[in-house]
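Numbering (the numbering used here), first residue to last: 50 to 245.
Every residue gets a Cβ at the ideal spot worked out from N, C-alpha and C, and that includes glycine.
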């Protein structure tokens, strides 16, 4: 990765609303990989616009591209020289819940996160009893449960989960986590949050 920024790289990053929408998705959760249809769902943009922006962001060096079977996955190169500044700009423009989502996405203790019905409560499912390393924005309360506690509550159909799993939304979109199989087996169909 070159430490010298060429003028065409900056121009490639900020010239369209579609590019900003795609960047927002990648920079909120830079560890996650996405394929084109996921980005289409997350941004509401037409597939052709997604494809065009992905090509430009790959050419600029901000995204990696990896083919797996008949899908191509994209992920942010967090070593890209402007990554910290780009992410900082995006985070500063987010509403509080999305800013919290961006922090949770980079905390390795976090598995899942749900926004409750009141839109002021967030349930975070963690890998262990270790405290999460994020602070909630003003007006938002964060409750944590370990994976084991969440699984027990799920198996027992705990009423406290209803606000998150029936009337709430999925903040991180980590549907490939094995916990999702338990959520689905329990009969829940949690909506994804905007941009997830």
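Beta carbon of residue i nearer than 9 Å to that of residue j
| i | j | result |
| --- | --- | --- |
| residue 175 | residue 188 | no |
| residue 253 | residue 158 | Outside the modelled stretch of the chain, which goes from 50 to 245, sits residue 253, for which no answer is possible. |
| residue 88 | residue 74 | yes |
Nearest-angstrom Cβ-Cβ length linking residue i and residue j, presumed shorter than 8 Å
| i | j | result |
| --- | --- | --- |
| residue 92 | residue 71 | 6 Å |
| residue 228 | residue 161 | 6 Å |
| residue 149 | residue 171 | 6 Å |
| residue 103 | residue 112 | 7 Å |
Alpha-carbon to alpha-carbon, residue j and residue i
| i | j | result |
| --- | --- | --- |
| residue 101 | residue 86 | 13 Å |
| residue 235 | residue 155 | 28 Å |
| residue 123 | residue 218 | 24 Å |
| residue 108 | residue 206 | 48 Å |
| residue 96 | residue 216 | 29 Å |
| residue 231 | residue 203 | 8 Å |
| residue 67 | residue 178 | 40 Å |
| residue 143 | residue 76 | 11 Å |
| residue 63 | residue 110 | 14 Å |
Practice item. Check whether the segment 208 to 215 touches the segment 156 to 169, taking contact to mean three or more Cβ pairs, one atom from each stretch, closer than 8 Å. Key: Touching, yes, given that three or more Cβ pairs across the two stretches are closer than 8 Å.
Check your understanding: Are three or more beta carbon pairs between the segment 235 to 244 and the segment 189 to 197 nearer than 8 Å?
Key -> Contact fails: fewer than three Cβ-Cβ distances are below 8 Å.
Review point. How about the segment 80 to 95 and the segment 114 to 133: do they share at least three Cβ pairs that are nearer than 8 Å?
Key: Cβ pair count under 8 Å is three or more, so yes.
Practice item. Starting from the N-terminal side, write out each stretch of the beta strand (DSSP E) that is 3 residues or longer and does not extend beyond the segment 134 to 208. Key: Runs of the beta strand (DSSP E) inside the segment 134 to 208: 159 to 164, 170 to 175, 190 to 195.
Review point. For the segment 78 to 112, which segments carrying the alpha helix (DSSP H) assignment without a break, of at least 4 residues, lie completely within its bounds, in sequence order?
Key: Listed in chain order, the complete alpha helix (DSSP H) runs (minimum 4 residues) inside the segment 78 to 112 are 85 to 92, 96 to 109.
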